[in-house]
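Working notes, structure below.
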Amino acid sequence: MKIGYYQFAPIFGEVEKNINRVRASLSSVDADLMVLPELFSTGYQFVSREEALELSEEVPTGPACRALMEIAAEKGMHIVAGLAERAGDRCYNSAVLIGPKGVIGTYRKTHLFFEETLWFTPGDTGFNVYNIGTARLGLMVCFDWYFPEAARTLALKGADILCHPSNLVLPNCPDAMITRCLENRVFSVTCNRTGYEERGGKPRLTFIGKSRMVSPRGEILATAPTDGDELAVVEIDPLRARDKGLNVHNDLFQARRPEMYDLK
Ligand code: ACM
7 MKIGYYQFAP
17 IFGEVEKNIN
27 RVRASLSSVD
37 ADLMVLPELF
47 STGYQFVSRE
57 EALELSEEVP
67 TGPACRALME
77 IAAEKGMHIV
87 AGLAERAGDR
97 CYNSAVLIGP
107 KGVIGTYRKT
117 HLFFEETLWF
127 TPGDTGFNVY
137 NIGTARLGLM
147 VCFDWYFPEA
157 ARTLALKGAD
167 ILCHPSNLVL
177 PNCPDAMITR
187 CLENRVFSVT
197 CNRTGYEERG
207 GKPRLTFIGK
217 SRMVSPRGEI
227 LATAPTDGDE
237 LAVVEIDPLR
247 ARDKGLNVHN
257 DLFQARRPEM
267 YDLK
């Protein structure tokens, strides 16, 4: 199975341009699964709830969804992409999973970062895993990485690959994903963006690039540069994520002792 990311710098508010850029870049790619950045079609730094609502789209009828459905059908691939989802008068920071036959699932970001809390409604979908035949995909969005429960929940629900659209501004996620993959024995594809946004007199947000794919053994399969576009594809065997055995005495999932964790 060939999996990859397309790291680039979306232009704020230029939905059609951003979609066309993705269309052009994916047209020649040979992959089964591609992950795009968080909010890939709108850009990131909204300055009001009204602006977020205006630029957001309904799933599956909005322009980004329709374009991704066309690309997925033409190429026979699956795509995970972050976008601003409108639902009535609410706006979610969502990730959609789209296959050759259309939208398979939507994940609404659980852990909103910084001013996202002002524009978006906290996600209500929970963490769901989608079986696309070749692999089981778990969706999470950017800041969810900071909460190990997100990746853990997806892994316990059977995810082989964490699909992780991102707009990272803090430096730690690329390295943290090594741990997320090690502790859960899963693959991850974190697709970040590059560039910066500085809108409405707000502090500049510089995105760190460094999109990354990691194996269940914590091996780095690809890392993008801090600046500049990168489209990377690697070949994996997703079934490697189903073996949770560390040695003959420790299966990482069997060895869990939830009765000792006293969570909540
Ligand atoms: C983030 O969640 N976009 C940092």
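For the sequence shown, our numbering gives the first residue as 7, with consecutive numbering after it. Ideal Cβ placement from N, Cα and C applies to all residues, glycine included. The structure presented is a predicted model; accordingly, all values stated were derived computationally and were not measured.
Linking P180 to I226 through their CA atoms gives a straight-line distance of about 10 Å.
Relative to the ligand ACM, the beta carbon of V175 is positioned inside 7 Å of a heavy atom. Using a Cβ-Cβ distance cut-off of 8 Å, the segment 7–25 and the segment 121–132 are not in contact, since fewer than three pairs of beta carbons, one from each stretch, lie closer than that value.
A direct Cα-Cα distance of roughly 15 Å separates G132 from C169.
Cβ neighbours of R55 within its own chain (closer than 8 Å, five residues either side excluded): C97, L124, W125.
Taking F213 as the centre and dropping the five residues before and after it, the same chain places the C-beta of N173, L174, V175, N198, R199, T200, G201, Y202 closer than 7 Å to its C-beta, in chain order. Annotation for F119: F149 place their beta carbon closer than 6 Å to its own, counting only its chain and skipping 5 residues before and after. Short of 6 Å from the beta carbon of Y113, and not among the five residues preceding or following it, lie these beta carbons of its own chain, in chain order: A101, T131, L145.
Contact between E63 and A87 does not hold, since their C-beta atoms are separated by about 12 Å, which reaches or exceeds 8 Å. With 16 or more other Cβ atoms from the protein chains shown falling within 10 Å of its own Cβ, F18 counts as buried.
Sequence-distant partners of V239 (beyond 5 residues in either direction) whose C-beta falls short of 6 Å from its own C-beta, in its chain, are K8, G10, A37. By the criterion of a C-beta distance shorter than 7 Å, T159 is surrounded in its chain by F133, once the five residues flanking it on both sides are discounted. Here the distance from the Cβ of E204 to the nearest heavy atom of the ligand ACM is not below 7 Å.
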